[in-house]
Amino acid sequence: MGALLEIDNLQTHFFTSGGTVKAVDGVSYDVNAGETVAVVGESGSGKSVTALSILRLIPKPPGEIVGGEIRFQGKNLAFCTEDEIREIRGRDISMIFQEPMTSLNPVLSIGLQLTEPMMAHLNMSEAEAKERAVKLLELVGINEPRRRIEQYPHHLSGGMRQRVMIAMSLACEPKLIIADEPTTALDVTIQAQILELMKNLTREMNVAMIIITHNLGVVARYADRVNVMYAGRIVETGNASDIYHRPRHPYTLALLKSVPRMDRPRQAKLDPVDGQPPDLTRLDGGCSFRPRCKFAIDKCKESYPPLEEMGDQHYSACFRSKESLAEIEL
Amino acid sequence: MGKYILKRLIAMIPTLLGAAVLVFFLLRLAPGDICEVRLLGTGATVAQEQIDICRESLGLDKPQIAQFFDFVWGYFIFDLGTSMWTGQPVTHEIAIRFELSLQLAVMATIVATIIAIPLGIISAVKQNTLIDYFVRGFAIAGIAIPSFWLGLMIILGLLVFSQAWFGEPWMPPIMFKSIWEDPAHNLSQLMWPAVATGYRYSAVAARMTRSAMLEVLREDYVRTARAKGMVEKIVINRHALKNALLPVVTILALEFAFLMGGLVVTEQVFNLNGLGNLMVDGVEHHDFTMTQNLVMLVVIVFVITNLITDLAYAWLDPRIRYS
């Protein structure tokens, strides 16, 4: 049996007056049933666009999936009909967004927003859906669920709203949940709670999850596998522990070094990734990380390095990956 | 909620008083009065005594401040006085026109709403397509075309087409009959001015609906609704529209209040005996009692429309709660 979701050479471009932005430029990864896959990268690396492409939520115009395949249980979501993708949305694949403050509709009750996907996808009656909504709210740790379903989003705090979003995403017992920076907008203490909740629920229900984040701490703790994205491509992919302990790509290395760590002396300076992400309308044929890379050589200019196997399910797209950069540096 | 409404109604009193002061004294700033208009208007020479007698009979010889208190007191004892020109009670004069003006304003609002909201939505959803360009053209034309001109064209069109199709020209009836009395007659008279004024009105509201929808359609919660697999009809009508309606309701309400007193030219074109004409006559004749009370009526309509609009806000948006 193949993977639950297979993304194969996905290309999503935005056609703007300033030129074609190749936001996602040939991304491939798989998600197996029940697995948690993290996608990390800076803002603008194409991680959210990849996620939105899976459910075809890219605003068109200007965005468009121009190539590749997204196979979900054998169906190519990238080019199926509007009706077919709508059947999948919320039913088999659901999504949790970054901003709980704006992702819930301010003028509709929590109950309505929770019950409507169940009524649409599972043919539940209003009463049945309401019963289930109460159970879901209980499940995500919201007190007085019966009162809450009558309330509106503005009655709830940010953390509570994100719990509602999680309940909503679980409503139809999907096979895959895509969480697009689910904790970025929340307080640090709430972040941990929300992540624990998502981890526990997805394990319990055997739901696969794609978690998009720029927080490497999240990756280390919650993900089975990690895809590191830069400028619309995956530059390194592997098991969480490999990525964390044995990074092979200079960008992954730089990212890891830019994170404050509790196990280092407090005086140790942070080491940010110098320079700016590249302009995605003007990519040449070479490696897009080259201008910021300490290890760049002439060869990097000539062609984009392919993903090469570094170990068990560990791939890196750098000509110098084999040289154990981490050891040289650290 | 009841308490809130009561509070708002009480808060109207200062507004109304302010309006009363303004209209009363501004009217009297204009030179001349009704006696001069009536007696000298023909160009004849009239003895000063006659003018004085006329003024005395109308109470215009009293000090202005006393006249003002008479005017305000009238509202407490429900006696608004008599028209200085016709001698009829003002309430009677207004009542016979009020029904027509109110019905016309309501009908124009219905026409406008029925046209504006669907057009605004479709134009926003199909932004930058042929449909959108058509709707925008339709709306710009609606704002640019004066409703009296459109009224003339409608009448002309009715005459020409009825002549062509039925062999004899047909015109909407001129005598007003209440809708309760003779609905067919009433509607065949009022639907044309309602369309003529409703078109401009709908143009303004359609543009507002379009821009509000465009803004709302970009919101995260609309994307959430799509991500849940809701059909587009529900995404638009349930998730987007309810959020976009607040500014549209505001525009509709303001226009409605304006229509109650402001349809002077359209009334002329369709030969309607409405409040607009009454107001023009009142001002022309220096009929202070009539003009004052008409202005106050319009002010009251505005204030009440605002209250209803605020209540509609609370109904549309749960974040707005009054207590």
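Residue numbers (the numbering used here), protein chains in the order written: chain A, 6 to 335; chain B, 1161 to 1483.
Note that CB positions come from ideal geometry on N, CA and C, so glycine has one too.
Specify the secondary structure class of residue i as computed by DSSP and reduced to three states.
| i | result |
| --- | --- |
| SER321 of chain A | strand |
| ARG1398 of chain B | helix |
| GLN1227 of chain B | helix |
| LEU206 of chain A | helix |
| MET6 of chain A | Its pLDDT being 49, under 50, MET6 of chain A is placed unreliably in this model, and the value from its coordinates should be taken loosely. Looking at MET6 of chain A - three-state DSSP - the assignment turns out to be coil, as it is neither helix nor strand. |
| SER33 of chain A | strand |
| ALA176 of chain A | coil |
| LEU335 of chain A | Since pLDDT at LEU335 of chain A reaches only 46, below the 50 mark, its modelled position is unreliable, and the value read off the structure follows with that caveat. In the structure shown, LEU335 of chain A sits in coil (DSSP, three-state: anything other than H, G, I, E or B). |
| GLN1349 of chain B | helix |
| SER53 of chain A | helix |
| PHE1418 of chain B | helix |
| THR242 of chain A | strand |
| PRO1249 of chain B | strand |
| TYR157 of chain A | coil |
| THR107 of chain A | helix |
| THR218 of chain A | strand |
| HIS18 of chain A | strand |
Quick test of your reading: residue i and residue j, contact by CB under 8 Å. State the CB separation rounded to the nearest angstrom.
| i | j | result |
| --- | --- | --- |
| LEU60 of chain A | ARG96 of chain A | With a Cβ gap of about 11 Å, LEU60 of chain A and ARG96 of chain A do not count as contacting. |
| ALA1272 of chain B | SER1338 of chain B | Between SER1338 of chain B and ALA1272 of chain B the Cβ distance is about 23 Å, and since that is not below 8 Å, they are no contact. |
| HIS254 of chain A | VAL240 of chain A | 5 Å |
| ARG1360 of chain B | GLY1436 of chain B | 15 Å between Cβ atoms; not a contact. |
| SER1261 of chain B | GLY1434 of chain B | 4 Å |
| SER1307 of chain B | VAL1295 of chain B | About 19 Å separates the two Cβ atoms, so there is no contact after all. |
| MET315 of chain A | SER308 of chain A | About 19 Å; that fails the 8 Å criterion. |
| ARG287 of chain A | ASP30 of chain A | Not quite, the Cβ-Cβ distance comes to about 13 Å (not below 8 Å), so this is no contact. |
With a threshold of 9 Å between beta carbons, is residue i in contact with chain C?
| i | result |
| --- | --- |
| GLU1379 of chain B | Among the chains of the structure shown, chain C does not appear; the protein chains present are A and B. |
Grab me the residues of residue i's own chain with a C-beta within less than 6 Å of its C-beta, minus the 5 sequence neighbours each way, in chain order.
| i | result |
| --- | --- |
| ASP247 of chain A | HIS319 |
| LYS52 of chain A | VAL44, GLY46, ILE217 and MET234 |
| ASN81 of chain A | GLU74 |
| ALA83 of chain A | ILE70, GLU74 and ILE75 |
| HIS1399 of chain B | VAL1382 and ALA1385 |
| ILE182 of chain A | SER99, SER174, VAL212 and MET214 |
| VAL231 of chain A | ALA43, VAL224, ALA245 and ILE248 |
| MET6 of chain A | Only weak support is given to the placement of MET6 of chain A: the predicted model assigns it a pLDDT of 49, under 50, and the question is left unresolved by the model. |
Considering only the beta carbon of each residue, do residue i and residue j sit closer than 9 Å?
| i | j | result |
| --- | --- | --- |
| ALA1179 of chain B | VAL1440 of chain B | no |
| PRO105 of chain A | LYS1388 of chain B | no |
| THR1449 of chain B | THR1242 of chain B | yes |
| THR348 of chain A | GLY68 of chain A | Residue 348 of chain A lies beyond the stretch modelled for chain A, which goes from 6 to 335, so this question has no answer here. |
| ALA1324 of chain B | MET1267 of chain B | no |
| LYS306 of chain A | ARG297 of chain A | no |
| GLU40 of chain A | ASP317 of chain A | no |
| ALA1356 of chain B | PHE1298 of chain B | no |
| ASP276 of chain A | ALA301 of chain A | no |
| ILE1300 of chain B | GLY1358 of chain B | no |
| ASP1380 of chain B | PHE102 of chain A | yes |
| PRO1332 of chain B | LEU1312 of chain B | no |
| GLN167 of chain A | THR194 of chain A | no |
| VAL32 of chain A | ASN14 of chain A | yes |
| VAL1409 of chain B | TYR1473 of chain B | yes |
| LEU1471 of chain B | ILE1165 of chain B | yes |
| LEU1457 of chain B | ARG1168 of chain B | no |
Please indicate yes or no: does the CB of residue i lie closer than 8 Å to some heavy atom of the ligand MG?
| i | result |
| --- | --- |
| GLY1389 of chain B | Summarising the ligand content, the structure contains no ligands, and the ligand MG is consequently not present. |
Sorted by chain position, which residues of the same chain lie with C-beta nearer than 7 Å to residue i's C-beta, five sequence neighbours on each side aside?
| i | result |
| --- | --- |
| THR1251 of chain B | LEU1240 |
| GLU334 of chain A | Annotation note: pLDDT 49 at GLU334 of chain A (below 50); position unreliable, no value reported. |
| THR1465 of chain B | ALA1413, PHE1416 and ALA1417 |
| LEU1374 of chain B | ALA1284 and GLN1287 |
By Cβ distance, which residues of its chain are closer than 8 Å to residue i, with the 5 residues on each side in sequence left out?
| i | result |
| --- | --- |
| ALA172 of chain A | LEU119, ALA138, LEU141, LEU142, LEU144, VAL145 and ILE147 |
| ASN37 of chain A | ALA8, LEU9 and ALA213 |
| LEU202 of chain A | VAL145, GLY146, ARG168 and ILE171 |
| LEU1438 of chain B | GLU1253, ILE1254, ARG1257, MET1450 and LEU1454 |
| TYR227 of chain A | THR41, ALA43, LEU200, MET203, LYS204 and ILE216 |
Select from the options the residue whose C-alpha is nearest the C-alpha of residue i.
| i | options | result |
| --- | --- | --- |
| PRO1278 of chain B | B:GLY1162, B:SER1307 and B:LYS1393 | B:LYS1393 |
| ASP1193 of chain B | B:ALA1207, B:LEU1218, B:TRP1309 and B:THR1175 | B:LEU1218 |
| SER114 of chain A | A:GLN78, A:PRO158 and A:GLU136 | A:PRO158 |
| LEU1476 of chain B | A:TYR309, A:GLN78, A:GLU314 and A:PRO111 | A:PRO111 |
| VAL223 of chain A | A:ALA213, A:MET210, A:GLN198 and A:VAL212 | A:GLN198 |
| ILE1334 of chain B | B:VAL1429, B:ARG1168, B:LEU1182 and B:THR1289 | B:VAL1429 |
| GLU1196 of chain B | B:ALA1344, B:ASP1447 and B:ILE1460 | B:ASP1447 |
| SER48 of chain A | A:PRO283, A:GLY291, A:ASP289 and A:SER321 | A:PRO283 |
| ARG1257 of chain B | B:LEU1432, B:ALA1404, B:ILE1396 and B:VAL1320 | B:LEU1432 |
| ARG91 of chain A | B:HIS1445, B:LEU1347, B:GLN1248 and B:VAL1391 | B:VAL1391 |
| GLU1133 of chain B | B:VAL1461, B:GLU1259 and B:ILE1270 | Chain B is shown only over 1161 to 1483; residue 1133 of chain B falls outside these bounds and no answer can be derived. |
| GLN1349 of chain B | B:LEU1169, B:GLU1427 and B:TRP1245 | B:GLU1427 |
| GLY1280 of chain B | B:VAL1461, B:ARG1188 and B:SER1371 | B:SER1371 |
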